[in-house]
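> Right, I'll just put the structure down here and ask away after.
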Amino acid sequence: MKIYALFFLATIFFPLEIIGQRSSYYDCEQGVSLSHNNYYHIAFQGRKGMDRSNLSGYAEEGSTTKNQIWLFFSPPSAGLINLNIKNQDLSFGTFVFAENNDGICNDFKKGKAKLLLNEPNKDALMNRSVFIEEGLKYAIVLIGAEKIKDSLELEINFSPQDKKGNKIIDSLVFDLTKPSREKKYSLYIRNAQNKMPVKGKISFNGSNEIDGAYVASDLIMNLKRTVKKCELKIDAEGFISYDEEDYEILLGENGFQDTIYLKPLVRGTVAKIDEIYFAAGLSIILEESAPKLNRLRDFLLVNPTVHIEVQGHVNGDGKKSMRSKRLSKKRAKSVLDYLIEAGISSDRLSSVGFGFTKPVYDQPKNEMEKEANRRVEILIK
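Heads up: the sequence shown begins at 937 in this note's numbering, then just goes up one per residue.
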């Protein structure tokens, strides 16, 4: 399994994208999509003539040539985009536009794109920052003199922030995309209470297309094909872990975007731990319970200040209340002992058995409902 620790490792994989090799990127319809926190080597294509399109209305008269480079950026959240452009004494203009209502290219055709930056560049180094909003597409347009084919280097960095300039807490963008015909998959991890980004460990297992572990609040990558089934696990400090065994990524025409909302750890929260199995009538934990118990161990390792109470429940008919309570207590204690053997301090753990005094179904009608009553839960203390 691959381990990708931080988003800036993307620059190891794609340290310098050679956009100059593309056949055309001189208008809106053929622009290149950028990955943030990355470097690009860009070359003008030496086109002749003056631009008479609606773009000319945003620049000084006579300064808009057809020798253009069109680049696009779609932010995963609101924040600050920083453009760092190095060149060899070129004279060119840098524009940043936001789409308005009808898509970025249609907005240009109608002259309704929102101009955010108009910067004539005459120095060897340009560094500018622009605040951008989530949910919009942005165009970065570089306009050079006629006929030139010189190149420049562009570094694009993105920092999630709110409109007041405060850095968004616990946000980490990990963008593995590059210019490609492959579809884009985006996974966003958010706080269920306030919808803010949450940084966590994201693990996929079961599909060679996406298998790996990543640390991010916003994970973005190219995929060749739909992922019909894989296991998704998410762990974040201060949040209840997320597990989905049959996770699907259904790539459409525009790729696939998904948002997972994690529940914050709050004292008094009770969470059910699925797929904990015991031998019938005993407190012996069956081997197939190991994956979920290890997930509980990982949850406690990620959240070192959390204390939990392991609560055992069984299904019963009320005729053997003391025996059921003893069994549920022994089962909870078995889970506690497993965690201690796995390296969790006993000072953070306690256990209790409720027998069948707190059933999910008071009068279970089938085996599924009885199974729901036989459960292990944890109480955040």
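Glycine is no exception: its CB is placed at the ideal position from the N, C-alpha and C atoms.
1. Please state the DSSP three-state secondary structure of Val1242.
2. With 16 as the cutoff for other CB atoms within 10 Å, does Phe1067 come out buried or exposed?
3. What do you get for Met1319, buried or exposed, if any count of 16 or more other CB atoms within 10 angstroms of its CB means buried?
4. Quick one: residues in its chain with C-beta nearer than 7 Å to the C-beta of Glu1211, no 5 flanking neighbours on either side, listed in chain order?
5. In the structure shown, what three-state DSSP assignment does Lys1045 receive?
6. Taking C-alpha atoms, which residue in Gly1204, Asp1086, Lys1261, Gly1029 lies nearest to Pro1295?
7. Ignore the nearest five residues each way along the sequence and tell me which others in Glu1134's own chain have a CB closer than 7 Å to its CB.
8. Give, in chain order, every unbroken run of the beta strand (DSSP E) that is at least 3 residues long and sits entirely within the segment 1181–1263.
9. Leaving out five residues on either side along the sequence, give the residues of the same chain with a beta carbon under 8 Å from the beta carbon of Arg1161.
10. Could you pull out every residue in the same chain whose Cβ sits closer than 6 Å to the Cβ of Ser1143, ignoring the five residues on either side in sequence?
11. Quick one: what does DSSP say Ile1146 is sitting in, helix, strand or coil?
12. Is Ile1076 near Val1109, with beta carbons less than 7 Å apart?
13. Decide yes or no for the touch test of the segment 1093–1101 against the segment 987–1005: beta carbon pairs closer than 8 Å, at least 3 of them.
14. Would you mind sorting Gln957 into buried or exposed? The rule is 16 or more other CB atoms within 10 Å of its CB.
15. From Arg988 to Ile1084, what does the alpha carbon distance come to, in whole angstroms?
16. Could you tell me the distance, in whole angstroms, from the CA atom of Gly1248 to the CA atom of Phe1290?
17. Between the beta-carbon of Ile1170 and the beta-carbon of Leu1088, is there less than 7 Å?
18. With distances taken Cα to Cα, identify the nearest neighbour of Lys1137 among Lys1131, Asn1130, Gln1129, Ala1149.
19. Taking just the CA atoms, how far does Ser960 sit from Leu1053?
20. Does the Cβ-Cβ distance between Gly1079 and Gln1004 come in under 7 Å?
21. Tell me which residue opens and which closes the beta strand (DSSP E) that Ala1075 is part of.
22. Nearest CA to the CA of Ile1221: which residue from Val1288, Ser1270, Pro1056?
23. Checking the sheet assignment: what are the DSSP bridge partners for Arg1064?
24. Drop a sphere of 10 angstroms on the beta-carbon of Arg1259, count the other beta-carbons inside from all chains shown, and report buried for 16 or more, exposed for fewer.
25. Just checking my contact of Ile1017 with Cys964 at CB under 8 Å: how many whole Å lie between their CB atoms?
26. Can you round the beta-carbon distance between Ile893 and Val1202 to whole angstroms, since I take them to be within the 8 Å contact cut?
27. Roughly how many angstroms lie between the CA atoms of Lys1131 and Gly985, to the nearest whole one?
28. Are the beta-carbon atoms of Ala1268 and Ser1282 separated by less than 7 Å?
29. Quick one: using the 10 Å Cβ neighbour count with 16 as the cut-off for buried, is Leu1061 buried or exposed?
30. In chain order, what are the residue ranges of uninterrupted beta strand (DSSP E) at least 3 long that sit wholly in the segment 1113–1139?
31. Grouping DSSP H, G and I as helix and E and B as strand, with all else coil, what is Leu1108?
Working from what's here:
1. In the sequence shown, counting from the first residue as 1, residue 1242 sits at position 306. It is coil, neither helix nor strand.
2. The sequence position of residue 1067 within the sequence shown is 131, counting from 1. Label assigned to Phe1067: exposed.
3. Lying before the first or after the last residue shown, residue 1319 is absent from the chain, which here runs from 937 to 1317.
4. On the sequence shown, residue 1211 is found 275 positions in, with the first residue counted as 1. Sequence-distant partners of Glu1211 (beyond 5 residues in either direction) whose C-beta falls short of 7 Å from its own C-beta, in its chain, are Ser1225, Lys1228.
5. Residue 1045 sits at position 109 when you count from the first residue of the sequence shown. Reduced to three states, the DSSP call for Lys1045 is helix.
6. As a position in the sequence shown, residue 1295 is number 359, starting the count at 1. Nearest of Gly1204, Asp1086, Lys1261, Gly1029 to Pro1295, Cα basis: Lys1261.
7. Stepping through the sequence shown from its first residue, residue 1134 is reached at position 198. Per the sequence shown, residue 1134 should be read as Val rather than Glu. Only Asp1106, Ile1125, Arg1126, Asn1127, Ser1153, Ala1172, Phe1175, Leu1198 meet the Cβ criterion.
8. 1192–1198, 1206–1209, 1244–1249
9. On the sequence shown, residue 1161 is found 225 positions in, with the first residue counted as 1. The answer, listed in chain order, is Glu1145, Leu1187.
10. The residue given as residue 1143 occupies position 207 in the sequence shown. Hits under 6 Å: Val1163, Cys1166.
11. Indexing the sequence shown from 1 puts residue 1146 at position 210. Ile1146: coil per DSSP, three-state reduction.
12. Against the sequence shown, residue 1076 aligns to sequence position 140. Against the sequence shown, residue 1109 aligns to sequence position 173. No.
13. no
14. Stepping through the sequence shown from its first residue, residue 957 is reached at position 21. Confidence at Gln957 is low in this model, with a pLDDT of 45, below 50, so the placement of that residue should be treated as unreliable; the coordinate-derived value is given next. Its Cβ having fewer than 16 others within 10 Å, Gln957 is exposed.
15. The residue you call residue 988 lines up with position 52 of the sequence shown. The residue you call residue 1084 lines up with position 148 of the sequence shown. Cα to Cα, Arg988 sits roughly 19 Å from Ile1084.
16. The sequence position of residue 1248 within the sequence shown is 312, counting from 1. The sequence position of residue 1290 within the sequence shown is 354, counting from 1. Using only the alpha carbons, I get a separation of about 6 Å.
17. Numbered from 1 along the sequence shown, position 234 holds the residue referred to as residue 1170. Numbered from 1 along the sequence shown, position 152 holds the residue referred to as residue 1088. For Ile1170 and Leu1088, no; Cβs fall outside 7 Å.
18. For this step, residue 1137 is matched to residue 201 along the sequence shown. Comparing Cα positions, the closest option is Ala1149.
19. Along the sequence shown, one-based indexing puts residue 1053 at 117. Along the sequence shown, one-based indexing puts residue 960 at 24. Rounded to the nearest angstrom, the two C-alpha atoms are 24 Å apart.
20. The sequence position of residue 1079 within the sequence shown is 143, counting from 1. The sequence position of residue 1004 within the sequence shown is 68, counting from 1. Strictly speaking, residue 1079 in this sequence is Ile, with Gly absent from that position. Result yes, Cβ atoms of Ile1079 and Gln1004 sit closer than 7 Å.
21. As a working mapping, residue 1075 is identified with position 139 in the sequence shown. Start and end: 1074–1080.
22. Locating residue 1221 in the sequence shown gives position 285, where the first residue counts as 1. Comparing Cα-Cα distances from Ile1221 to each of Val1288, Ser1270, Pro1056, the minimum goes to Ser1270.
23. Against the sequence shown, residue 1064 aligns to sequence position 128. Per DSSP, Leu1019.
24. Within the sequence shown, the letter at position 323 stands for residue 1259. Answer is exposed; the Cβ neighbour count stays below 16.
25. In the sequence shown, residue 1017 corresponds to position 81, counting from 1. In the sequence shown, residue 964 corresponds to position 28, counting from 1. At roughly 19 Å, the Cβ-Cβ gap does not stay under 8 Å, so Ile1017 and Cys964 are not in contact.
26. Here the chain has residues from 937 to 1317 only, and residue 893 is not among them.
27. Your numbering for residue 1131 matches position 195 in the sequence shown. Your numbering for residue 985 matches position 49 in the sequence shown. Those two C-alpha atoms are separated by around 48 Å.
28. Translated into the one-based positions of the sequence shown, residue 1268 becomes position 332. Translated into the one-based positions of the sequence shown, residue 1282 becomes position 346. Result no, Cβ atoms of Ala1268 and Ser1282 do not sit closer than 7 Å.
29. As a position in the sequence shown, residue 1061 is number 125, starting the count at 1. Flag for Leu1061 reads exposed.
30. 1119–1127
31. Along the sequence shown, read from residue 1 onward, the residue named residue 1108 stands at position 172. Here Leu1108 sits in coil by DSSP.
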